[in-house]
Amino acid sequence: MKLATFNINGIKARIDALPRWLEAAKPDAVALQEIKSVDETFPREVFEDMGYRVETHGQKGFNGVAILSRLPLEDIIRGLPGDDSDEQSRWIEATVMGNRPIRLCGLYLPNGNPTPGPKYDYKLAWMARMETRIHDLLLTEEPLVIAGDYNVIPQAEDAANPMAWTDDALYLPATRAAYRRIVNLGLTDAFRARNQSPGQYSFWDYQAGAWEKNNGIRIDHLLLSPQAADLLRDCQIDKEVRAGEKPSDHVPVWIDLAA
DNA sequence: ATGGCTAGGCTCCCTAGA
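Numbered by the UniProt record's numbering, the letters in the first sequence go through residues 1 to 259 in order.
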C-alpha cells in the first residue's frame with residue numbers, strides 16, 4: 001500500500017499539478033494539506049473520475065486538509081480532538097481499508113510565526129493536543145500512519161541553512177522538544193528509517209531562488225506506529241515535482257507498506 | 001532576509017505562509 005502526504009498550497013492553483021502527480025505516482029491514498037477551500041467548492045469530481053474517494057475538512061481561504069483514497073475509507077474524523085473551540089481545519093483521520101486496514105491521520109500543523117506570540121502559543125498547544133490524540137490511537141495497537149506538514153525541522157541536517165532558522169517557530173528548541181515528545185511515544189520517522197543523508201528536503205520557498213539553490217527544509221513527515229513501521233518497505237520524497245509547471249512550494253513524500 | 005514569491009479574499013491592497 002502506497003500512502004503519501006502533499007501540501008498542495010491551494011487546490012484551485014494545483015488543479016493540473018495534483019492530477020499529474022497522482023497519475024504518475026499512483027498512491028493508494030494521499031493526505032492533502034492547505035486545500036484553501038471549503039468542502040462545498042472542492043473539485044471532487046476531478047479526483048472521483050480518477051478513481052479516488054474524496055474526504056475533505058476545509059475552511060474558507062486558508063488551511064484545510066483532505067484524504068483522497070482509491071481504497072474504501074471508514075471511521076472518518078474531522079478536526080483534532082480535545083478542543084471544541086478550535087475553528088481551524090488542520091486534522092483528518094480515516095481507516096484505509098486495504099488487505100490490512102491502516103489508520104491514516106492527515107495533519108497541517110500550525111506554522112507558529114511570529115515568535116513569541118499568540119500564534120506560537122497556539123502551535124505548542126496544538127502539538128500537546130496532538131500528542132494526547134496519538135497516545136490514545138496507539139492504545140489500539142493497530143498500524144497507524146501520521147502524515148502531513150508538521151512545520152517542524154527536526155534536526156540541523158534537515159535544513160540547508162539551519163542558522164537561518166534559529167529563531168523561527170519551525171526550529172526553536174521548544175518546537176523540536178514538542179515534536180520529540182510525540183516521536184518518543186514510540187513512532188518512527190519513515191524517511192529517516194530509510195535515508196540518513198543530509199540535504200533531503202520537502203519544501204523550498206518560492207522566493208529568492210530557493211529551489212535553484214537547493215535552499216530547502218524537510219518539514220513534511222510520515223510518522224509510523226510500531227505496527228506500521230514493521231510493514232515499511234520504502235519512503236521517498238518526490239523532489240522532481242518542485243521543478244514541474246506551477247508547482248506547490250512543498251513536494252509529496254510517500255511510503256510503501258507491505259499491507 | 002530588513003521576505004526578493006504565491007495564493008486567496010472580493011481587492012485594485014491586504015493577510016498569510018515558512
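The beta carbon of each residue, even a glycine, is placed where N, CA and C say it ideally should be.
- Here DSSP, grouped into helix, strand and coil, assigns Q227 to helix.
- Where H135 is concerned, the enclosing alpha helix (DSSP H) starts and stops at P118 to L138.
- Fewer than three beta-carbon pairs drawn from the stretch 115-129 and the stretch 20-37 are found closer than 8 Å, and the two stretches are therefore not classed as touching.
- The residue among P101, H221, A13 and I76 with its C-alpha nearest the C-alpha of E141 is P101.
- Judged by beta-carbon spacing, P252 lies within the 9 Å limit of A4, meaning their Cβ atoms are closer than that value.
- Contact between L32 and I15 does not hold, since the beta-carbon distance rounds to 12 Å and is not under 8 Å.
- With a beta-carbon spacing of about 14 Å, G106 and N151 fall beyond the 8 Å limit used to define contacts.
- Here I92 is not near I134, since their CB atoms are 9 Å or more apart.
- Residue pairing of R53 in beta bridges, as defined by DSSP: S69.
- Residue pairing from DSSP places L144 in a beta bridge opposite R103.
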